[in-house]
Amino acid sequence: GSTFQTTQVFWFWSLIFFSVLLSDQQVEEVESGVESVEEGAESVLLPFKTTPELLGDAEVEWKDSRDRTVHVFENGSDQPEEQDRFYRNRTKMNEDRLRTGDLSLTLRHPTVRDRGEFRCLVWKKRDILRLKRVQLKVKGQCFCLPVSLTVCLFSFFFPSFRCSLFRLSIYIRNSYIGCLEGLGTVS
Numbered sequence: 024g025s026t027f028q029t030t031q032v033f034w035f036w037s038l039i040f041f042s043v044l045l046s047d048q049q050v051e052e053v054e055s056g057v058e059s060v061e062e063g064a065e066s067v068l069l070p071f072k073t074t075p076e077l078l079g080d081a082e083v084e085w086k087d088s089r090d091r092t093v094h095v096f097e098n099g100s101d102q103p104e105e106q107d108r109f110y111r112n113r114t115k116m117n118e119d120r121l122r123t124g125d126l127s128l129t130l131r132h133p134t135v136r137d138r139g140e141f142r143c144l145v146w147k148k149r150d151i152l153r154l155k156r157v158q159l160k161v162k163g164q165c166f167c168l169p170v171s172l173t174v175c176l177f178s179f180f181f182p183s184f185r186c187s188l189f190r191l192s193i194y195i196r197n198s199y200i201g202c203l204e205g206l207g208t209v210s
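In my numbering, the protein residues as written are 24 to 210.
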């Protein structure tokens with residue numbers, strides 16, 4: 024459950040911290056960016072360009088804000104078996120990335136569930152060479168208002184269900200706030 028995931032995140036960041044601490048190379052964090060897209064779009068590009076000389080036998084790993092593996096490039100090829108299943112068949116990197124240094128990630132069919140921070144780490148022999156963060160904002164459609172109106176009307180005509188509907192309305196209200204965040208109207 025969540026304890027396992029918390030432990031996993033702790034060890035991941037501990038590894039990064041100690042890799043940086045023990046490394047004789049300086050990690051360069053590339054300037055962060057923000058990308059916005061409408062839910063239902065064909066794709067969105069999470070940009071990241073670096074120097075091609077850096078790449079050689081480096082590993083490139085994209086992660087999301089929940090620390091799920093979005094895309095891995097290692098030993099000269101993509102590693103789809105290392106991806107979280109949520110991202111399977113939805114990501115693509117530039118074919119010519121080693122020559123151009125373009126490590127941008129294309130995420131197909133973005134949804135509001137994709138919003139949040141994405142990180143790209145470039146590793147070489149356990150040293151982190153580059154770190155890029157991209158904030159993805161996905162504006163989605165919300166169908167919460169018609170549902171809320173239905174709950175209000177139902178509770179008006181059927182008073183015996185008000186207690187259960189009150190709990191349901193709290194859930195819907197919280198979902199509605201989530202929808203507003205997805206629409207970009209609430210920060």
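Yeah, the Cβ is synthetic: ideal placement off N, Cα and C, and Gly gets one too.
Taking DSSP as the reference, what is the three-state secondary structure of residue i?
i	result
T134	coil
R149	coil
L77	helix
R89	coil
E62	coil
R156	strand
Could you tell me which residues DSSP pairs with residue i in its beta bridges?
i	result
T129	L68 and K115
D142	Per the sequence presented here, residue 142 reads as Arg, with Asp not at that position. In DSSP, R142 forms a bridge with K86 and R156.
G56	V157
Going along the chain, which residues of its own chain have a beta-carbon closer than 6 Å to the beta-carbon of residue i, five neighbours each way excluded?
i	result
E82	E97 and W146
Could you spell out where the alpha helix (DSSP H) holding residue i opens and where it closes?
i	result
R108	Run containing R108: none; DSSP gives neither H nor E here.
Going by beta carbon distance, what residues of the same chain come within less than 7 Å of residue i, once the five residues before and after it are set aside?
i	result
N117	T123, D125 and S127
P103	R111
What does a CB cutoff of less than 8 Å around residue i pick up in its chain, not counting 5 residues either side in sequence?
i	result
T92	E84, W85, K86, E105, Q106, D107 and Y110
Please find out if some non-hydrogen atom of the ligand FAD comes closer than 8 Å to the beta-carbon of residue i.
i	result
E140	Because no ligand of any kind appears in the structure shown, any question about the ligand FAD cannot be addressed here.
Can you confirm whether the segment 151–166 touches the segment 60–70 when touching is taken to mean that 3 or more C-beta pairs between the two stretches lie within less than 8 Å? Yes, the segment 60–70 touches the segment 151–166.
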